[in-house]
Each structure stands twice: as C-alpha cells, then as structure tokens.
Amino acid sequence: MGQTVPMSTITAAGGVLLAAGAGSRFGMPKVLAAQGEWLRGAVTALRDGGCADVVVVLGAAVVDVPEPARAVIAEDWADGLSASLRAGIEALDSADCAVLHLVDTPDVGADVVRRVLAAAQESGLARAVYSGRPGHPVVVARTYWAELLAAVHGDEGARPFLRGRSDVVAVECGDLASGADIDVNPRG
1 MGQTVPMSTI
11 TAAGGVLLAA
21 GAGSRFGMPK
31 VLAAQGEWLR
41 GAVTALRDGG
51 CADVVVVLGA
61 AVVDVPEPAR
71 AVIAEDWADG
81 LSASLRAGIE
91 ALDSADCAVL
101 HLVDTPDVGA
111 DVVRRVLAAA
121 QESGLARAVY
131 SGRPGHPVVV
141 ARTYWAELLA
151 AVHGDEGARP
161 FLRGRSDVVA
171 VECGDLASGA
181 DIDVNPRG
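Quick note: the sequence shown uses our numbering, first residue 1, plus one each step.
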C-alpha cells in the first residue's frame with residue numbers, strides 16, 4: 001500500500017485544479033461559473049495556499065486561466081474525472097506532492113489549502129473534511145502517484161485510492177469553509 005512519506009521531504013507543492021467537466025447538472029461547464037470567478041478564486045487559493053505550480057485541467061470548455069496557473073487540456077475529459085486527474089498529475093513537473101482541488105467549491109480558500117498541506121507532513125496524504133464530511137483539497141505525495149493513477153477509473157477521482165488507506169490525515173476545515181461542492185446552478 002505504499003510507504004509513509006514525511007512531508008519534510010516535500011519541498012514543492014503542485015496544485016491540480018480539476019475543471020474539465022461539462023457540468024451537465026449545473027447547466028454549463030463550471031469553469032465558466034460566475035463569469036470565471038470560481039476559476040480565479042480556486043487558482044488564488046492554491047497559489048496563496050502554498051502551491052508553487054498550479055495547473056488547471058480543462059476539457060468541455062477551454063478558457064484562459066489566470067496567472068500564474070497554466071492550462072492543461074484533458075483530451076479524454078468525457079471519460080470522467082479519472083481522465084482529468086491523470087492529465088493534471090502528469091502535468092506537474094517538479095512537485096513533490098499534488099494538491100487536488102475542484103473548481104466548484106468556491107468558498108474554499110488559501111487558508112484551507114495551507115492547513116491541509118501542513119497536515120500532510122505526517123504521511124504525505126491529507127484531505128480536508130467539513131464537519132466530518134470528506135471534501136477537497138486532497139494532498140497526495142509524489143511517491144503515491146502511480147498507485148493513485150492505477151486506482152482511478154471512469155468518473156471517480158481519488159476516492160477509491162483514499163478509501164483503502166489508513167494513513168490519510170483527515171483535516172477538519174469546517175471552521176474555514178463549508179467545502180460545498182455546487183452541482184446545481186442556483187440561477188436555474
């Protein structure tokens with residue numbers, strides 16, 4: 001199941017913002033939501049939260065991404081979340097860990113990212129929880145990437161990989177954000 005890697009060996013975090021989906025229940029790709037405000041906020045959260053490199057995985061909609069992020073196109077985005085996750089992880093060059101984040105959790109800010117990244121020092125694996133409910137961001141040290149990518153298929157992200165591990169540090173962040181994943185467009 002992989003070895004435990006203390007975060008002290010991790011010096012550079014890379015942010016992976018998953019934003020490739022069509023947002024069928026939402027009514028449009030979520031990367032376009034709120035005139036791009038969600039995208040800008042998520043990039044800022046990753047950058048200001050400690051990610052030296054930020055990649056935004058696009059697919060259903062291709063847009064300009066805010067600096068200093070760079071766009072990565074998941075050509076097979078329609079295959080599901082696993083395709084986007086794979087494209088994002090593979091795009092990280094020199095990162096020692098990936099901070100996985102979603103474009104549709106707009107109230108998650110840099111303070112949440114910092115807290116989860118700091119907690120990953122114990123095992124190289126950490127995930128935000130909100131009042132005990134698992135959410136994002138999720139931190140995965142590079143040593144686990146091959147195992148993570150082998151575990152993802154179809155429209156599931158890191159959940160199958162994380163579910164089978166006892167060394168994922170749950171980081172309560174309910175005092176900082178709701179962590180709500182917005183699936184339905186409030187404007188109908």
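We put the CB at the ideal spot given by N, CA and C, even for glycine.
{"query": "Cβ contact check for the stretch 28-41 and the stretch 92-112: 3 or more pairs under 8 Å", "result": "yes"}
{"query": "Uninterrupted alpha helix (DSSP H) stretches inside the stretch 47-100 (no shorter than 4 residues)", "result": "81-91"}
{"query": "Opposing strand residues paired with Glu172 [DSSP bridges]", "result": "Val129"}
{"query": "Pro160 (DSSP reduced to helix, strand or coil)", "result": "helix"}
{"query": "Alpha helix (DSSP H) segment containing Leu18, residue limits", "result": "That residue, Leu18, is in no alpha helix (DSSP H); its beta strand (DSSP E) goes Ala13 to Leu18."}
{"query": "Residues sharing a beta bridge with Val139, DSSP", "result": "Val99 and Ala126"}
{"query": "Opening and closing residue of the alpha helix (DSSP H) in which Leu148 lies", "result": "Trp145 to Ala151"}
{"query": "Spatial neighbours of Ala83 in its chain, beta-carbon cut-off 7 Å, leaving aside the 5 residues before and after", "result": "Ala74, Asp76 and Trp77"}
{"query": "Exposure of Arg47, with buried meaning 16 or more beta-carbon neighbours within 10 Å", "result": "buried"}
{"query": "Chain D within 8 Å of Arg40, Cβ atoms only", "result": "Among the chains of the structure shown, chain D does not appear; only one protein chain is present."}
{"query": "Proximal residues to Pro68 (C-beta, below 6 Å), its chain only, five neighbours per side dropped", "result": "none"}
{"query": "Val116 - containing alpha helix (DSSP H), residue span", "result": "Ala110 to Ala119"}
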